[in-house]
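Residue numbers (the numbering used here): 1 to 118. Before any comments, here is the structure.
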Amino acid sequence: MTYTQISPVEDDDDDNNVVSSTNQYPPLTLTPEEKRLLAKEGIQLPTHHPLTKNEERELKRIRRKIRNKISAQDPRKRKKEYVDGLEEKVKRGSEENKKSVTENYGTSMVKQNNNCPR
């Protein structure tokens, strides 16, 4: 079985897979994120199937980590959009309030000037 060292720096030329013409099993295809996490954790996998139970377990664990990461990003993104929307509403409300106060101040000054005896 041929093993490959998975490095975090990815070369597009060799794609980290050693393909031999005598290998009867399909190559193991990994995403860049999978390669990065495997290298980070120091896990080496063969370049072709079949995988041992332990290798399958490690690959499943890495893929689960990636799914969890993506799942955790979605609520954060929605919360950020929600908070940004609230901040925009507060900003518009403050501007309207300031404008209203300014107009009311001007109107009350005119009324006071009209009611003053001269």
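Heads up, the beta-carbon is just placed ideally off N, CA and C, and yes, glycines get one too.
Residue i versus residue j: straight-line alpha-carbon distance, rounded
i	j	result
Ile70	His48	27 Å
Ser21	Thr31	Legend: pLDDT at Ser21 = 49, less than 50; position of this residue unreliable, value from coordinates given subsequently. Looking at the two C-alpha atoms, the distance is approximately 23 Å.
Tyr105	Arg92	20 Å
Glu88	Glu81	11 Å
Arg61	Leu86	38 Å
Glu55	Leu45	7 Å
Three-state secondary structure (DSSP) of residue i
i	result
Leu45	strand
Pro27	strand
Pro50	coil
Whole-number beta carbon distance between residue j and residue i, since they are thought to touch under 8 Å
i	j	result
Glu34	Arg63	7 Å
Close beta carbons around residue i, own chain, < 7 Å, minus the five adjacent residues each side
i	result
Glu96	none
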